[in-house]
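> As numbered in mature numbering (1 follows the signal peptide of the UniProt record, and there is no 0), residues -26 to -1, 1 to 381 make up the sequence shown, in order. Here a beta-carbon is modelled for each residue, glycine too, at the ideal position from N, C-alpha and C.
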Amino acid sequence: MPRGKRISRLLLALTLTAAVAPVGWAAESRFGERDTGPGVAAAEAAPLEDLTVTTTQVASGLRRPTAIASPDDATGRLFITEKAGTVRVYHPDTGLAAEPLLDLTGRVNANDNERGLLGIAPAPDFEESQLLYVAYTRRSDDAVTLARVDVREGGVEELLTQEHAQYSNHNGGHLAFGPDGYLYWSIGDGGGSGDPFDSGQRLDTLLGKILRLDVGPGCRAGSGSSCVPADNPFVDRPGARPEIWAYGLRNPWRFSLDEADGSLWIGDVGQGSWEEVDHLAADEGGANLGWSCMEGPEVLNADQCDPDADYTGPVFSYPSSVAGCSVIGGPVYRGEEFAEPAGGTYLATDYCSSTVWGIRPGPDGYANAEIGEFPTQVTSFGEDENGELYVVNDLPGGLHRVSFGTR
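Here you go:
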């Protein structure tokens, strides 16, 4: 499919020249949003405006759940992280197990609202290796930390860290393996207001980035082992961190990789004006998503803008003050049970408003529609081994199965 539209360098330069203070464009103009882009939509899917979504609660008693993952080991289980540092297990037949699979509370700093155990990704060979990858804020120094856990032996091996002590917010923390077999990890810009460290546009820090790492069997020998894929975009750039896959992000709390085409969907939480969803093709490593020059479709800070930069704008954005407070990015639905109405549809929701949007790429641009509401304070989406969707909500701490229909 055609590639997405980039933000025009000329338009950006003219805007900065004319502006006394940072200015933006009206929402109707969708400045910087892409006309079309990567994605594989199911031909049989119902028209987006006819699609509906509902949920059914299947478990309760979770304590501030933050992420969901399936081990894909034919057991039907889901692993659910809790903010304090525990990993719980849910099975559709037996419910939520009383005892946690893992207890990492001794390693995790869960003080403040956004710190804690934030992400989980079972190794693609989990059935054999019994290895989990987790992301958390470290108790000893607040660093955002990627670690590998051997479920059988209980050993924890820290692989990569990024200092994050000055502010407690914008940790990112999502983990997912892509169809390419590599592990992706999102890290926020370091917190505070307006990107005080200028992290979004810097390539010498992991803050404000999505990373791409090789943690496969060939890179597991030895302590602290992980490898940088040779085709990462900045491996040969002096001074740049080679782990970086995409940059210019504020707080990419949740992202997903579409198993059909390897494209990357990112929900990036906004400063206070715009929430945004970004979409990158599998070969768009190195994309600059604009923060903190841009927030959503508008210029936020002219001092952070480079007229020569090639910014990639969002495919969907909405005003924070009108439609919510924090976007929660989801997956593209690729399950079988609801393939007819929902196949190829990307989902996003908002922590405050609970509105659910369906988004689809097409030859004439990205279509979006409000398709329902979720329970209050959803923090994350997850998929079971069949591609069926679940969400967890922060308070009161429930697990909910997602269903689709038509109007």
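From E7 to H138, what distance separates their C-alpha atoms?
Looking up residue 7 in the sequence shown gives position 33. Looking up residue 138 in the sequence shown gives position 164. Legend: pLDDT at E7 = 45, less than 50; position of this residue unreliable, value from coordinates given subsequently. Cα-Cα distance, rounded: 31 Å.
> Closest to C58 by C-alpha separation, out of F151, L76 and F208, would be which residue?
Looking up residue 58 in the sequence shown gives position 84. Sequence check: residue 58 is Ala here, not Cys. Selected option, being the one with the closest Cα: L76.
> Buried or exposed: which applies to C326, given that a residue is buried once 16 or more other Cβ atoms fall within 10 Å of its Cβ?
As a first step, residue 326 must be located in the sequence shown, where it is residue number 352. By the 10 Å Cβ count, C326 comes out exposed.
> Evaluate the contact criterion for the region 215 to 223 versus the region 258 to 265: three or more CB pairs, one atom per stretch, below 8 Å.
Short answer: they touch.
> Go to E344, then tell me how far its beta strand (DSSP E) extends in each direction, as first and last residue.
Indexing the sequence shown from 1 puts residue 344 at position 370. E344 -> beta strand (DSSP E) spans G339 to E347.
> Using alpha carbons as the reference points, say which of P288, E127, L36 and I161 lies closest to W248.
Counting from one through the sequence shown, the residue named residue 248 turns up at place 274. Considering only alpha carbons, the answer is P288.
> If you drop the 5 nearest sequence neighbours on each side, which residues of the same chain put their C-beta closer than 6 Å to that of D24?
The residue you call residue 24 lines up with position 50 of the sequence shown. These residues qualify, in order along the chain: T380 and R381.
> Tell me the DSSP bridge mates of Y158?
As a first step, residue 158 is located in the sequence shown; it is residue number 184 there, counting from the start. According to DSSP, Y158 bridges with A150 and R186.
> Does V376 come out as helix, strand or coil in the three-state DSSP assignment?
Sequence index remark: in the sequence shown, residue 376 carries index 402 (1-based). V376: strand per DSSP, three-state reduction.
> If the criterion is Cβ atoms closer than 8 Å, does the pair G332 and L321 meet it?
Against the sequence shown, residue 332 aligns to sequence position 358. Against the sequence shown, residue 321 aligns to sequence position 347. Yes.
> Does DSSP classify L22 as helix, strand or coil?
Taking the first residue of the sequence shown as 1, we reach residue 22 at position 48. It is helical.
> Are the region 46 to 57 and the region 112 to 121 touching, with three or more C-beta to C-beta distances below 8 Å?
No, the region 46 to 57 is not in contact with the region 112 to 121.
> Where does E258 fall in DSSP's three states?
As a first step, residue 258 must be located in the sequence shown, where it is residue number 284. In this structure, E258 counts as coil in the three-state DSSP scheme.
> Quick one: complete beta strand (DSSP E) runs, 3+ long, within the region 20 to 66?
Runs of the beta strand (DSSP E) inside the region 20 to 66: 25 to 33, 39 to 43, 52 to 56 and 60 to 65.
> With a CB to CB cut of under 6 Å and the five nearest residues on each side skipped, what residues in its chain are close to G304?
In the sequence shown, counting from the first residue as 1, residue 304 sits at position 330. If we look at G304 and ignore the five residues flanking it on each side, its Cβ neighbours are L321, A322 and F355.
> By the DSSP assignment, the beta strand (DSSP E) with V118 in it spans what residues?
Counting from 1 along the sequence shown, the entry for residue 118 is found at position 144. Counting along the chain, the beta strand (DSSP E) containing V118 begins and ends at V118 to D124.
> When we look at the beta-carbon of G147 and count the other beta-carbons within 10 Å, is it buried (16 or more) or exposed?
Start at 1 with the first residue of the sequence shown, and residue 147 comes out as number 173. Label assigned to G147: buried.
> V376: buried (16+ other C-beta within 10 angstroms of its C-beta) or exposed?
Translated into positions along the sequence shown, residue 376 becomes position 402. V376 comes out buried.
> What's the C-alpha gap between G244 and P271?
Numbered from its first residue, the sequence shown carries residue 244 at position 270. Numbered from its first residue, the sequence shown carries residue 271 at position 297. Cα to Cα, G244 sits roughly 11 Å from P271.
> With 16 as the cutoff for other CB atoms within 10 Å, does T111 come out buried or exposed?
In the sequence shown, the residue the question calls residue 111 occupies position 137. T111 is buried by the Cβ-count criterion.
> Cα-Cα, which of A150, E131, A84 and L254 is closest to P96?
The residue labelled residue 96 in the question sits at position 122 within the sequence shown. Closest option to P96, Cα to Cα, is A150.
> Which residue or residues does DSSP assign as beta-bridge partners of S230?
Counting from one through the sequence shown, the residue named residue 230 turns up at place 256. Beta-bridge pairing links S230 to W239.
> G236 and G152: beta carbons closer than 8 Å?
Along the sequence shown, read from residue 1 onward, the residue named residue 236 stands at position 262. Along the sequence shown, read from residue 1 onward, the residue named residue 152 stands at position 178. It is a contact, given that the beta carbons lie within the stated cut-off.
> Check whether the Cβ atoms of F378 and A283 lie closer than 8 Å to each other.
Within the sequence shown, residue 378 is the residue found at index 404, counting from 1. Within the sequence shown, residue 283 is the residue found at index 309, counting from 1. Against a cut-off of 8 Å, the Cβ pair of A283 and F378 comes out as no contact.
> Since A322 is in the beta strand (DSSP E), which residue starts that stretch and which ends it?
In the sequence shown, counting from the first residue as 1, residue 322 sits at position 348. Y320 to D324 is the span of the beta strand (DSSP E), which, as asked, contains A322.
> Measuring straight from C-alpha to C-alpha, what distance separates D172 and C193?
Start at 1 with the first residue of the sequence shown, and residue 172 comes out as number 198. Start at 1 with the first residue of the sequence shown, and residue 193 comes out as number 219. So the two alpha carbons sit approximately 32 Å from each other.
> Could you work out which residue in V301, D178 and F229 is closest to R215 when comparing CA atoms only?
Here residue 215 refers to the residue found at position 241 when the sequence shown is read from its first residue. With distances taken between Cα atoms, R215 lies closest to D178.
> Roughly how many angstroms separate the alpha carbons of D188 and C201, rounded to a whole number?
By one-based count along the sequence shown, residue 188 stands at place 214. By one-based count along the sequence shown, residue 201 stands at place 227. Answer to the nearest angstrom: the Cα atoms are 5 Å apart.
> Please report the distance separating the alpha-carbon of A33 from that of A204.
Taking the first residue of the sequence shown as 1, we reach residue 33 at position 59. Taking the first residue of the sequence shown as 1, we reach residue 204 at position 230. If you take the alpha carbons of A33 and A204, they lie about 43 Å apart.
> From the DSSP secondary-structure annotation, give me the bridge partner or partners of E250.
Reading the sequence shown from its first residue, position 276 is the one you call residue 250. Answer is D242 and S291.
> Which one of N145, F100, T79 and S142 has the shortest CA to CA distance from G155?
If you number the sequence shown from 1, residue 155 lands on position 181. Looking at the Cα atoms, F100 is the closest of the given residues.
> Flag this pair as touching only if the region 32 to 47 and the region 358 to 378 have three or more C-beta atom pairs under 8 Å; answer yes or no.
Verdict: yes, contact present.
> Start and end of the alpha helix (DSSP H) containing P315?
Taking the sequence shown and counting its residues from 1, one reaches residue 315 at position 341. Element bounds for P315: A313 to A316.
> Check whether the Cβ atoms of G346 and R334 sit closer than 8 Å, and answer yes or no.
Here residue 346 corresponds to residue number 372 of the sequence shown, with the count starting at 1. Here residue 334 corresponds to residue number 360 of the sequence shown, with the count starting at 1. No, the pair does not count as a contact, with Cβ atoms beyond the cut-off.
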